[in-house]
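Peer 1: These protein sequences, in sequence, are chains L and Z.
Quick note on numbering: the first sequence equals residues 3 to 274 in the working numbering.
Quick note on numbering: the second sequence equals residues 9 to 286 in the working numbering.
For each residue, glycine too, the CB sits at the ideal point set by N, CA and C.
All values derive from a computational prediction rather than experimental measurement.
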Amino acid sequence: MRAWRRYALACLGSALASGSSSALTLDNPNFKVDGVIIVWAADSSGTAPVVADFIVGNDQSAPDLIGIDARAVVTGTLDPTEDATAAGGMPFVITDTTSGDINTDTNGDGRITEADSFTPLGLQGITDARVDASRQYSSFYVASNTAFNIDAVSTPPGTFLDFILLNIIRMNLSSTVNGSDGGVDFGDSAQAAHTGGPNTGFAAETTLWNLRFAQTLFTGNQRTAATPGSIADQSVRFDAEYAISAASLTGYDLSLGTFDFTVEVTYTAYAP
Amino acid sequence: MRAVYSFAFAAFASALSLPAMAGTLDTPKFSVPGLVVVWGADESGTAPLVSDFIIAPPGAGGTDVTSGNVASVVTGTLTPAFDGSGSDDVPSRLINVYNSPSGNFDIDSNGNGNTDVGDTINRFALNDRTNFGLRDSEARSSFYVASNTAFNVDAQAIRVVGRDDWVLGKIYWDMEVAQSGTDGISFGASAQLPHSGGPTGGISSVASLLDMQTQQTVFQGNLRTAASPGSLADQSVRFDVTYVLGSWQGYGLHTRHTNLAEGVYEVEAEVVYTVWVP
Chain L
3 MRAWRRYALA CLGSALASGS SSALTLDNPN FKVDGVIIVW AADSSGTAPV VADFIVGNDQ
63 SAPDLIGIDA RAVVTGTLDP TEDATAAGGM PFVITDTTSG DINTDTNGDG RITEADSFTP
123 LGLQGITDAR VDASRQYSSF YVASNTAFNI DAVSTPPGTF LDFILLNIIR MNLSSTVNGS
183 DGGVDFGDSA QAAHTGGPNT GFAAETTLWN LRFAQTLFTG NQRTAATPGS IADQSVRFDA
243 EYAISAASLT GYDLSLGTFD FTVEVTYTAY AP
Chain Z
9 MRAVYSFAFA AFASALSLPA MAGTLDTPKF SVPGLVVVWG ADESGTAPLV SDFIIAPPGA
69 GGTDVTSGNV ASVVTGTLTP AFDGSGSDDV PSRLINVYNS PSGNFDIDSN GNGNTDVGDT
129 INRFALNDRT NFGLRDSEAR SSFYVASNTA FNVDAQAIRV VGRDDWVLGK IYWDMEVAQS
189 GTDGISFGAS AQLPHSGGPT GGISSVASLL DMQTQQTVFQ GNLRTAASPG SLADQSVRFD
249 VTYVLGSWQG YGLHTRHTNL AEGVYEVEAE VVYTVWVP
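Following this line, the structure appears as structure tokens:
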């Protein structure tokens, strides 16, 4: 930027020194670096890591130069959420067995899959099965040379069950400045996207129902790139947590059958 | 429904108001998988015991995440049906005499339920229709299933004792489902039959264990058993299996008929039932 000013002064000085009143040639070499916000994670085909969003500009009209959207990954991995969440389901708790309550999520991954295992259960007349609390974590990464915000909007309900689930699923967005996921280090040259730290600038926990209208979930005030480095080095990770509490599931009974609920949440990063 | 559509429109309009920039799609997914709980006893006699816990995420079949297997119980009780000790498990040794001039009678003077060396009988007259037969040549066993999804049951018979596999054809097989009852524990108060066709709906026409030498689907359900809120036992139905030692005579199954020409034989089979989510 300092070099640009020297050019301007040189040109002006040249014009004054010529003394000619017949011609004046003005030149304005102008170098400008626009704001850049890069979002990376996976793409819809499951390839990761890929940069899927490249926003250039300094305001809300800034375009995304890449014609596809990023696909969030399971936090701590580079597995696209759409694939990674397909296996397993919400865990069950078998209450009032002869050995007390048994949680079927024996490996603690938050789901019940073939990786869980337990021994036979003594049955009583009051032994019951209910669904336990469940959480899911997903992430995407942002590198920027400017401050940015993140909005989110969820798909509207299509059925009454969707309506219920959108209401009971709570979501929370936070950030992690550095780490290593799937063999890719991030954040070594990054700073939190808010001067208050990685937990600042975020909206309060909300429900997916509230996100049926777009909400600003993060309001940043500084770029993520702190020192020279690669895109990954200058990236921070945004972590979304979706949770259904056990209290919200007390009404579930086997007589309600199975359900399979997927909602699409779209996060939009933009320069404010 | 009108409210839903108005929500959809509102959300769409809101989405349009977003800055036209980068989008990151996330798809949180919550599913309650299919769950099929099978209970009965174990071979040590502990009952009731849940030993099969089959979870089936949508489209993923099913996996039993428990380490043990269910042992069936004598129908109407929680007593293990077979203790693996041999043919004594099936009370098929009581010989009857049929169609003698003095009628039918048991050869069980000591009343122990078997015809054995402790019995004595008087001489008896015979005619050209008099024959021997087996009484009580029937064994009934059960297991219980509670589910939040439709399921199937496969079966495979393995000859454990017997001269040759053909003896499996001597054991006829039938199955039906009891919706409710009390067998030391009440079951079925909040259950429905797992097939819309009733107690015998979805049951295959497998005739004998010989037909089960390779694994066969013997029940194809189309309903979950859990009909209304309740405990696992409340939401369970009972699968009742009947094994009959007999002979097929063209016009029906003769459970009383045995032919001396068949000689002495003993047959024992292990039948493995596998519950799975289609």
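Measuring only the C-alpha atoms, how far is N120 (chain Z) from A89 (chain Z)?
Peer 2: So the two alpha carbons sit approximately 19 Å from each other.
Peer 1: Tell me the residue span of the beta strand (DSSP E) that contains F165 (chain L).
Peer 2: Segment F162 to I170 is the alpha helix (DSSP H) holding F165 (chain L); no beta strand (DSSP E) there.
Peer 1: Can a CB atom of chain Z be found closer than 8 Å to the CB of S136 (chain L)?
Peer 2: yes
Peer 1: Could you confirm whether any beta carbon from chain L is found closer than 8 Å to the beta carbon of V40 (chain Z)?
Peer 2: Chain L contact via Cβ: present.
Peer 1: Kindly indicate which three-state DSSP category G141 (chain Z) falls into: helix, strand or coil?
Peer 2: DSSP places G141 (chain Z) in strand when its eight states are reduced to three.
Peer 1: Of the residues that make up the stretch 250 to 267 of chain L, which ones have a beta carbon closer than 8 Å to any beta carbon in chain Z?
Peer 2: Y254, D255, L256, S257, L258, G259, T260, F261, D262, F263, T264, V265, E266 and V267
Peer 1: Report yes if the C-beta distance between D248 (chain Z) and S150 (chain Z) is below 8 Å; otherwise report no.
Peer 2: In contact: D248 (chain Z) and S150 (chain Z) (Cβ atoms closer than 8 Å).
Peer 1: Please report how far the alpha carbon of P31 (chain L) lies from the alpha carbon of P230 (chain L), in whole angstroms.
Peer 2: Approximately 26 Å between the Cα atoms of the pair.
Peer 1: Of all the CB atoms in chain Z, is at least one closer than 8 Å to the CB of R73 (chain L)?
Peer 2: It does: the Cβ of R73 (chain L) has a partner Cβ on chain Z nearer than 8 Å.
Peer 1: Would you say W3 (chain Z) reaches chain L, if we count a Cβ-Cβ gap shorter than 8 Å as a contact?
Peer 2: Residue 3 (chain Z) cannot be examined here, being either before or after the span of chain Z that is shown, 9 to 286.
Peer 1: Which value, in whole angstroms, describes the spacing of the CA atoms of R137 (chain Z) and S108 (chain Z)?
Peer 2: 7 Å
Peer 1: Strictly under 8 Å for the Cβ-Cβ distance: is C133 (chain L) near chain Z by that measure?
Peer 2: Checking the displayed sequence, the identity of residue 133 (chain L) turns out to be Val instead of Cys. Output row for V133 (chain L): interface = yes.
Peer 1: On the premise that S39 (chain Z) lies in contact with F261 (chain L), defined as a C-beta separation below 8 Å, what is that separation, rounded to the nearest angstrom?
Peer 2: 6 Å
Peer 1: Closest to A43 (chain L) by C-alpha separation, out of L:A245, L:V144, L:D61 and L:L167, would be which residue?
Peer 2: L:V144
Peer 1: Hey, does T85 (chain Z) have any beta-carbon neighbour from chain L nearer than 8 Å?
Peer 2: no
Peer 1: So the candidates are Z:D172, Z:A241 and Z:I179; which of them puts its Cα closest to the Cα of Q187 (chain Z)?
Peer 2: Z:A241
Peer 1: By the DSSP assignment, the beta strand (DSSP E) with L219 (chain L) in it spans what residues?
Peer 2: Where L219 (chain L) is concerned, the enclosing beta strand (DSSP E) starts and stops at Q217 to T221.
Peer 1: May I have the straight-line CA-CA distance separating T252 (chain L) from E184 (chain Z), to the nearest angstrom?
Peer 2: Looking at the two C-alpha atoms, the distance is approximately 34 Å.
Peer 1: Rounded to a whole number of angstroms, what is the C-alpha to C-alpha distance between A195 (chain L) and Q224 (chain L)?
Peer 2: Straight through space, the alpha carbons of Q224 (chain L) and A195 (chain L) are spaced by roughly 5 Å.
Peer 1: Measure from the C-beta of E207 (chain L) to each C-beta in chain Z and report whether the shortest distance is under 8 Å.
Peer 2: no
Peer 1: Is there a Cβ of chain L sitting closer than 8 Å to that of V252 (chain Z), yes or no?
Peer 2: no
Peer 1: Find the residues of chain Z that neighbour F94 (chain L), judging by a C-beta separation of less than 7 Å, and give them in chain order.
Peer 2: L43
Peer 1: Taking 8 Å as the threshold (beta carbon to beta carbon), is I128 (chain L) in contact with chain A?
Peer 2: The displayed structure is made up of protein chains L and Z, and chain A is not among them.
Peer 1: Helix, strand or coil for T79 (chain L), going by three-state DSSP, please let me know.
Peer 2: Three-state DSSP puts T79 (chain L) in coil, outside helix and strand.
Peer 1: Compute the distance between the beta-carbons of T157 (chain Z) and A64 (chain Z), then report whether it is under 8 Å.
Peer 2: yes
Peer 1: Taking C-beta pairs closer than 9 Å, name the residues in chain Z that T83 (chain L) reaches, listed in chain order.
Peer 2: L33, D34, T35, P36 and K37
Peer 1: Determine the direct distance from the alpha carbon of Q138 (chain L) to that of S100 (chain Z), and round the result to whole angstroms.
Peer 2: Reliability of the predicted coordinates at S100 (chain Z) is poor, the pLDDT of 45 falling under 50, and no value is obtained from them.
Peer 1: In this structure, what does DSSP give as the bridge partners for Q146 (chain Z)?
Peer 2: One detail in the question is off: residue 146 (chain Z) reads as Glu in this sequence, not Gln. DSSP output for E146 (chain Z) lists Z:V252 as bridge partner(s).
Peer 1: Quick check: what's the CA-CA separation for G59 (chain L) versus A234 (chain L)?
Peer 2: 21 Å
Peer 1: For I171 (chain L), would you say it is in contact with chain Z, using Cβ-to-Cβ distances shorter than 8 Å as the test?
Peer 2: yes
Peer 1: Any beta carbon of chain Z sitting closer than 8 Å to that of A194 (chain L)?
Peer 2: no
Peer 1: Specify the secondary structure class of D190 (chain L) as computed by DSSP and reduced to three states.
Peer 2: coil
Peer 1: Using C-beta distances below 8 Å, list every residue in its chain close to F215 (chain L), excluding the 5 sequence neighbours before and after it, in chain order.
Peer 2: V155
Peer 1: Tell me the residue span of the beta strand (DSSP E) that contains S47 (chain L).
Peer 2: Per DSSP, S47 (chain L) belongs to no beta strand (DSSP E) and is neither H nor E.
Peer 1: Would you kindly work out how many angstroms separate the C-alpha atoms of G76 (chain Z) and L213 (chain L), rounded to a whole number?
Peer 2: 45 Å
Peer 1: Which residues in the same chain have their Cβ closer than 8 Å to the Cβ of V186 (chain L), if we skip the five residues on either side of it in sequence?
Peer 2: Around V186 (chain L): P51, L80 and A234.
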